[in-house]
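Participant:
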Amino acid sequence: MVLGLSGELVSVVLFLVGVTIVIVSVETFIEAVAEGALALGVSGFFLTVVLAGTDLENVILGIAAAYGELPDLALGTVFGEALFILGAAVGIAGVLVPFETEVPRNYLGITLLAPFLFFGLALDGTLSRFDGAILTATFIPYLAIIYTLERYTDTRYLSAEEVEIMEEEVREREKAEEAEEDEGLLDLDLDIDVDDFVEEHVPERYEGPAFLAIALVATVGMTVGSELAVSGAEDLLALLGVTGLAFGATVMSFIASLEELFLTVEPVRQGRPHIGVGNVVGSMLFFVSANAGLIALVHPLNTAGAVMTVHWPFFFVSLLVVAGAFFRGKVGRPTGVLLLGIYAAYWVANYAV
């Protein structure tokens, strides 16, 4: 008992608080780096990659778990979040707001081929540190390809300007909603927007360094939060008697990935499905390269057993369904229901093995 709380409750609280701190810190980090990049004159593409191409929550939690001698938990987050985006996020978007979008074949080809390097390296049952280095290194060529396509073709799935507009619209809507909720209460604004805070309190010539300083503080928050989350998860694994692979692929990934619903569904709802598609493409490339690679660099990963019989099959099936829908140019309700069914079956399969 700690402060009158049971060990189970303490573990749950530690886990949830840790994941929450990581998510809040990452969101602050992304906004600070994005604004800092613009203030310092860094290319808009950097902003785009940070916002849509990488998933820092997942890799931070994964690395922390691997460092804490929970490599199965770390690997579970890679598959879990990928399946969450493909199954839950795209599925919900298809059910709530069926949409049409013309996805360039280049993007579909890259997205479908990229996982096979990870899969090939995992076939021997272990993803070694050397394998991790290879996967991590391949992320740069992927970015170079996307950059080339963005610069020299008409494709603008990862347009920094559109992402900025969407972010601004979301901020304005959130402020309006908070104003309505606070009506009749004390007139206090407890929501600290990084952009507004810096513009109000920092001279313009110091805005760039100020944003980067906030990013450094957010990095500390990510570290602290990930340590708490892993500590709580470790205790929960022992209490629940489940494998780290299953817990990471379901509970941990689900909680850490909730914002992916916004990044995929909200652009579709606003009539800009290409932004949601860009998030799916960028995230998949990141998961199968740098995400898995960085975790393996910290701790070699066991890729035998359930990884081959459960996680890879569900991943490939979900990816093929999504790619097929993108190829046809339409994600309708039947596709959405199918994807949600696959994701639900994935949860069941994790605890049935």
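Letter 130 of the sequence shown, counting from 1, is numbered 130 in full-length UniProt numbering, and no numbers are missing. We put the CB at the ideal spot given by N, CA and C, even for glycine.
According to DSSP, is LEU127 part of a helix, a strand, or is it coil?
Facilitator: Three-state result, LEU127: strand.
Participant: Check this for me: beta carbons of THR111 and VAL281, under 8 Å apart or not?
Facilitator: A contact, by the Cβ cut-off of 8 Å.
Participant: If you follow the alpha helix (DSSP H) that PRO334 is part of, which residue opens it and which one closes it?
Facilitator: From DSSP, the alpha helix (DSSP H) with PRO334 extends over 333 to 352.
Participant: Please look up how many angstroms separate the CB atoms of LEU294 and VAL59, rounded, as I've assumed it's under 8 Å.
Facilitator: With a Cβ gap of about 6 Å, LEU294 and VAL59 count as contacting.
Participant: Mind listing, in chain order, the continuous alpha helix (DSSP H) runs of no fewer than 4 residues lying wholly within the region 268 to 337?
Facilitator: Runs of the alpha helix (DSSP H) inside the region 268 to 337: 273 to 286, 292 to 298 and 312 to 328.
Participant: DSSP state of residue 354, grouped into three classes?
Facilitator: The question about residue 354 has no answer, for the chain in this structure spans 1 to 353.
Participant: I'd like to know if the region 105 to 120 and the region 340 to 350 are in contact, where contact means that at least 3 CB-CB pairs between them fall below 8 Å.
Facilitator: Counting Cβ pairs under 8 Å, fewer than three are found: no touch.
Participant: Would you report the Cα separation of ALA344 and THR335, rounded to the nearest angstrom?
Facilitator: Roughly 14 Å between the two C-alpha positions.
Participant: Could you tell me whether the Cβ atoms of SER253 and THR77 are closer together than 8 Å?
Facilitator: Yes.
Participant: Across which residues does DSSP place PHE116 in a beta bridge pair?
Facilitator: None; PHE116 has no bridge partner.
Participant: LYS330: which of LEU56, ILE85, GLY91 and VAL17 sits nearest, CA to CA?
Facilitator: When each option's Cα is compared against that of LYS330, the closest is GLY91.
Participant: Assuming VAL288 contacts GLY276 (C-beta within less than 8 Å), just tell me the rounded distance between them.
Facilitator: Not confirmed; about 19 Å, so no contact.
Participant: Please report the straight-line C-alpha distance between ALA325 and PRO71, rounded to a whole angstrom.
Facilitator: Their Cα atoms are separated by approximately 34 Å.
Participant: Tell me the rounded alpha-carbon separation between GLY80 and ALA213.
Facilitator: Each residue's Cα considered, the two are about 32 Å apart.
Participant: How would you write the range of the alpha helix (DSSP H) that SER253 sits in, first residue to last?
Facilitator: Counting along the chain, the alpha helix (DSSP H) containing SER253 begins and ends at 253 to 256.
Participant: Quick one: what does DSSP say GLY57 is sitting in, helix, strand or coil?
Facilitator: In the sequence as presented, Gly is not what sits at residue 57; that position holds Glu. Correct three-state label for GLU57: helix.
Participant: Would DSSP call GLU102 helix, strand or coil?
Facilitator: Three-state result, GLU102: coil.
Participant: Where ILE146 and VAL348 are concerned, what is the direct C-alpha to C-alpha distance, given to the nearest angstrom?
Facilitator: Roughly 36 Å separates the two Cα atoms.
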